[in-house]
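Before any comments, here is the structure.
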Amino acid sequence: MLKLHRKGQSLVEFGIVLPIFIGLMVFIFGLTVYCYNLIALSTMSRDVARELVVTCSNTAAIDTAIPTIVNRYNASTATKPILYVWDKQVHYSSVDSASGKPSLTIVMKAENGLDLNVGLPASISMGTTMYWENYSTN
């Protein structure tokens with residue numbers, strides 16, 4: 009008599025555990041994608057800032073160097089954000105720091121490329137500040 013009532017127990021347990029397991033896997037996937045995108049944007053902004061600080065001596069040179077760097081990163085497949093679309097704009101500001109050295113702050117942004125709302129943020133941005141060693145005002 010006891011076996012008759014336990015016949016569907018494993019099916020009920022599976023039905024309870026499966027949605028929780030799938031939800032956990034989707035959450036882990038979303039968190040992984042988000043972290044990967046943060047790392048990719050951080051790497052790109054750091055590389056762009058370093059290249060601009062090393063190769064350019066003033067802000068006029070930055071304006072001409074940015075399109076070349078952006079095109080190079082668009083052609084590269086190494087550190088592209090996944091499920092996000094890179095803004096393809098490099099927003100920068102050049103300000104004097106407290107130490108008296110001019111600095112370059114690069115901000116890069118990526119927008120969520122999915123039409124679905126899967127829990128990922130709509131946009132992420134990453135910034136890097138580097139100091140110029142060979143800055144000139146002309």
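Taken in order, the sequence shown gives residues 9 to 146; the numbers are from this note's numbering. Note that the Cβ used here is the ideal one computed from N, Cα and C, for glycine as well.
Check: For Gly135: DSSP bridge partner residues; Outcome: Val115
Check: Per-residue DSSP class, three states only, for Asn66; Outcome: coil
Check: Where Val78 sits in the DSSP three-state scheme; Outcome: helix
Check: Boundaries (first-last residue) of the beta strand (DSSP E) holding Trp94; Outcome: Tyr92 to Trp94
Check: Residues of its chain near Pro129, where Cβ-Cβ distance is below 8 Å and the 5 sequence neighbours each way are ignored; Outcome: Tyr42 and Asn120
Check: The ligand ADP heavy atom lying under 7 Å from the CB of Thr113; Outcome: The ligand ADP is absent from the structure shown, which contains no ligands of any kind.
Check: Integer-rounded CB distance, given that Ser53 should sit under 8 Å from Pro136; Outcome: Residue 136 is actually Thr in this sequence, not Pro. The Cβ separation is near 4 Å, so the contact holds.
Check: Pro27 (DSSP reduced to helix, strand or coil); Outcome: helix
Check: Whole-angstrom distance between Ser133 and Ile47, CA atom to CA atom; Outcome: 11 Å
Check: Residue environment, Ile28, which counts as buried when at least 16 other CB atoms sit within 10 Å; Outcome: exposed
Check: Reference Ser111; option with closest CA among Ser131, Val61 and Trp94; Outcome: Val61
Check: Pick from Leu91, Thr63 and Val78 that is closest to Ser131, judged by C-alpha positions; Outcome: Leu91
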